[in-house]
Every structure is written in C-alpha cells, then in structure tokens.
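Colleague:
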Amino acid sequence: MSDVLAPGPALGAPLPYSGSRRAGPALAAWPIYGIFVLLPAWWVLGVSGFVTAALSVPILASLLFRRHIRAPRGFGLWLLFLLWCAISATQVETARMGFSLAYRASIYVAAAALLLYVLNHDAEHLPARSVMNGLAVFWVVIVVGGLLGMILPAFSIHTVAETFVPSSLMDDKFVKDLVSATTSSTRAFAAYPIHRPKAPFIYTNEWGAAFAMTLPFAIASLGYIRTKHLRDLMVLLLLASVFPLVFSLDRGAWLSAGAALLYATFRLARGRNAQVLKAVAMGGVVVGILLFATPLGQIIALRLSHGYGDAERAYLYRSSLELVQQSPLVGYGAPVDVGDANISAGTHGQLWTVIVSQGIPGLIFFTAFLAWALWKASRPLPPGHPGDRHARFWCEIAIFTAIVQMPYYDLLPWGLPIAMIAAGLAWRESEARVPVPTG
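Residues 185 to 623 in the working numbering are what the sequence shown spells out, letter by letter.
1. In three-state DSSP terms, what is residue 381?
2. How many angstroms separate the CA atom of residue 544 from the CA atom of residue 387?
3. Would you mind sorting residue 305 into buried or exposed? The rule is 16 or more other CB atoms within 10 Å of its CB.
4. Pair every Cβ in the stretch 230-248 with every Cβ in the stretch 379-395, then say whether three or more of these pairs are closer than 8 Å.
5. Measuring only from the beta carbon, is residue 387 closer than 7 Å to any heavy atom that is part of the ligand HEM?
6. Give the DSSP-derived three-state secondary structure of residue 613 in the structure shown.
7. Ignore the nearest five residues each way along the sequence and tell me which others in residue 512's own chain have a CB closer than 6 Å to its CB.
8. Looking at residue 575: is its Cβ nearer than 8 Å to the Cβ of residue 603?
9. Is it the case that the Cβ atoms of residue 530 and residue 272 are separated by a distance below 8 Å?
10. What's the C-alpha gap between residue 242 and residue 453?
11. Would residue 559 be called buried (16 or more neighbouring beta carbons within 10 Å of its own) or exposed?
12. I want to know whether the stretch 401-415 touches the stretch 349-361 - three or more CB-CB distances under 8 Å.
13. Since residue 561 contacts residue 610 with CB under 8 Å, what's their CB separation in whole angstroms?
14. Is the separation between the beta-carbon of residue 421 and that of residue 520 shorter than 8 Å?
15. Between which two residues does the beta strand (DSSP E) holding residue 364 run?
16. For residue 318, which residues in the same chain have their Cβ closer than 7 Å to its Cβ, ignoring the five residues on either side in sequence?
17. Using a Cβ-Cβ cut-off of 8 Å (strictly less than) and excluding sequence neighbours within five positions of residue 508, which residues of its own chain qualify?
18. State the DSSP-derived secondary structure class of residue 404, mapped to helix, strand or coil.
19. My understanding is that residue 332 touches residue 367, with C-beta atoms under 8 Å, so please give their C-beta distance in whole angstroms.
20. Beta strand (DSSP E) containing residue 529: first to last residue?
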C-alpha cells in the first residue's frame with residue numbers, strides 16, 4: 185500500500201524532531217539555503233540562472249572528501265543520461281548551441297550532486313525537516329515575489345551582471361533574459377491591466393513551474409513548524425498565493441499544481457489518513473470559494489478562452505518532431521534554431537528539450553530515472569521503520585509534479601534540482617536505520 189497508511193499527526197501538527205539540536209543541521213543544509221533561499225540576492229545580481237551550477241562545485245568537492253559515497257541503484261540511469269549528453273555534444277554546430285548545451289549540462293550535473301549530497305548526509309547531520317523547511321522557505325520567496333510583481337509590475341533592476349556582460353552578448357535575447365531582473369512580464373491582454381508576475385525569476389513560466397514544484401514542501405512544512413503563529417501565517421500565505429498564481433495566467437502551473445493535489449488526495453485516500461485528507465480537501469474547498477467569489481474565476485476563464493502563444497508552441501512541437509525523425513539516436517546536442525524569429529525547437533518543455541538534444545535514448549534514460557525515483561518514494565515502509573514518512577510522501581508528490589511538467593515546462597534551472605533533492609531525501613529515509621546509542 186502506502187506509507188500514509190500508517191497513522192500520523194494531523195496536517196499542521198508538529199512532528200517529532202529528528203536530528204541534533206546543534207548548529208550542525210543548519211550548516212549541513214547550506215546548499216539548499218545557498219541556492220534556493222538566497223535566490224532574491226542572486227536575482228538582483230543577475231546571476232540567478234547560474235547559481236545552481238556554480239554552487240555545485242563546492243557540493244561536489246564536499247562529496248569527494250568523504251570516504252564513501254552512496255548512490256541508489258537507479259542512479260545508473262542518470263549516469264547513462266549524462267553519458268548520452270556527452271555523445272550528443274558531437275552534434276553541436278554553432279556557438280549558441282554550444283552555450284546552450286554547456287548551460288543545461290552544468291545543471292544536470294548540479295542536480296545529481298544535490299541528490300548525492302542529501303543522500304550521503306544522515307538524519308542527525310541533515311534532518312529531513314531542514315531540507316523540507318528550506319524548500320518551503322523557497323516557496324515563500326516565490327509567493328512574495330509574485331505578490332511584488334502584482335503590486336509593482338513595471339519595476340526593474342539594473343543588475344551587476346548587465347554591467348559586465350559585453351554588449352554583443354546582450355543582443356542575444358536568451359543571454360539578456362538571464363542577466364536581467366524585472367518583476368513581471370508585459371501585459372497579457374491590452375484591455376485588462378494584468379501583468380504576469382515573475383520575480384525573482386527570469387520568466388513567468390519559470391515562476392509558475394517553481395511554484396507548483398515547491399507547493400508540496402509548503403504544505404509539508406505545516407507538519408514541522410513548531411509554533412502556532414508561524415503555522416497560521418503559512419496557512420494564510422497558502423491562501424494568498426492563489427492571487428499571484430491566477431495572475432500569472434500560467435495554465436501549466438494551474439495544471440501541475442492541481443494534478444499534484446489530486447494525486448496527493450488519491451494517495452491519502454488509499455492510505456486512509458483521514459486527518460491529512462480532510463485538511464487537503466478543506467483547503468481545496470476554500471480555494472474554490474476564492475475563485476468563484478472573486479474576480480479570479482473570471483481571469484481564469486479569460487485565459488482559458490484566449491490561448492495566446494499556442495500557435496508558436498504548436499509550431500515548435502512540429503519542428504521538434506521533424507528534427508527527431510532526422511536524428512533519433514543522438515539528437516543535436518542542444519535545441520535548434522528554426523524560423524526567422526530566433527526561436528528554438530526543443531524548448532517549451534523538458535521532454536522536447538531532451539528528445540531534440542539527446543535523441544530518443546536520452547529521453548528514455550531521463551524519464552526512466554524520474555519514474556524510478558517516483559516508484560522508490562512511493563514504496564511503503566514496514567511498521568516501526570525510523571524513516572520520515574511525512575517527508576517521503578511529500579517528496580513523492582514533488583517528483584510526480586516534475587513528471588507532469590515535462591511536456592510543457594523546462595525543468596531547468598529549478599525544477600530538476602528540486603526533484604533530485606526530493607529523490608535523494610526519499611531514498612535516504614527509506615534506508616534509515618535506528619541510531620545506535622553511544623557512550
């Protein structure tokens with residue numbers, strides 16, 4: 185069945201503390217806080233798109249200093265994917281494609297490093313609550329940025345990176361987007377004053393994807409927060425987050441967040457965890473009331489009836505399929521420019537990025553690894569097992585969300601690292617052992 189079969193605390197009730205109360209756990213969680221919680225600082229500097237890859241260097245170094253590095257059996261699938269990335273690199277033809285390949289490959293490696301980092305730190309040094317709460321704080325950052333984008337839609341910052349990047353590179357839209365910092369995209373509809381929030385991210389879709397990916401951790405944090413005031417504040421923020429989520433006009437975020445909550449409800453119903461199921465269902469009812477009792481429902485209906493951008497997506501999907509037919513085994517190393525508008529086939533979705541860049545074998549390795557991670561996280565733990573069931577369940581939901589997003593969202597630079605952290609934590613908790621008393 186499921187880990188959630190085991191009776192557990194109600195959603196929002198404090199879980200037993202696991203791990204040491206020393207400063208060690210906070211220090212061990214530095215990659216999560218350095219990459220995710222400090223995102224506003226990286227965004228203002230104009231380096232948010234590069235920080236994950238940059239911080240992977242000290243993460244990998246810390247792993248190399250360990251005597252033994254554990255890796256799950258299914259990790260071989262990810263190594264095969266990285267190998268296929270190297271093979272597909274032989275197909276790169278332009279400098280722009282080379283930059284694209286290097287950028288994506290660096291995050292593929294960084295995501296693997298994060299998985300191994302979490303996996304190789306036991307619960308005493310890196311408690312599950314530290315990881316879960318760190319990603320919940322990241323969700324808070326996302327929501328605050330979304331609210332800022334609604335309040336100050338035209339606000340922009342001249343970043344440090346913009347000062348140092350050569351003007352010739354700034355002519356490339358992708359590079360310009362990477363180093364810029366604005367709170368929202370342009371107005372979606374000329375007749376309506378709706379600006380799509382995106383702070384502190386590069387694109388609105390990136391904001392929406394990260395929101396949905398971290399929503400499971402925000403919900404999970406209600407089980408770890410110790411004080412009633414902070415718990416009540418998180419509940420209020422969960423409700424308030426509906427506003428920037430709707431104003432993002434991001435159908436992908438609506439779909440993936442909704443699918444994740446439905447999947448969670450299904451799993452909780454199977455596990456007969458009535459308390460948590462009741463809390464999730466009540467949250468859904470409150471959100472439904474918000475949508476129907478406020479103009480938010482009208483905004484959603486407007487967006488669903490006006491599918492701007494759909495024609496471009498359809499064109500890119502068709503172009504991607506044509507490219508795959510021409511090079512199905514090794515792909516092209518990176519997305520390929522098509523048309524006259526400097527747009528690339530192999531974007532607008534991780535599935536399309538991988539199949540164009542690394543061919544069909546690359547897509548098989550990539551999706552098989554995520555499917556294995558989901559299966560591993562969903563496996564029930566035997567009675568009395570010391571693993572954190574609460575963390576494993578919500579990590580499973582996060583991995584499921586990443587899989588749902590693959591056809592229409594790039595998982596880089598945020599979704600994939602989050603999914604890998606979830607996979608590493610779920611696997612670690614499934615292998616947890618009762619600590620042996622010392623002294």
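Where a beta carbon is used, it is the ideal one built from N, C-alpha and C, also for glycine.
Modeller: Short version:
1. strand
2. 28 Å
3. buried
4. yes
5. No copy of the ligand HEM occurs in the structure displayed, which carries no ligand at all.
6. helix
7. 543, 544
8. no
9. no
10. 42 Å
11. exposed
12. no
13. 4 Å
14. no
15. Here residue 364 belongs to no beta strand (DSSP E), and DSSP marks it neither H nor E.
16. 213, 216, 217, 220, 221
17. 515, 539, 540, 543, 544
18. helix
19. 6 Å
20. 527-529
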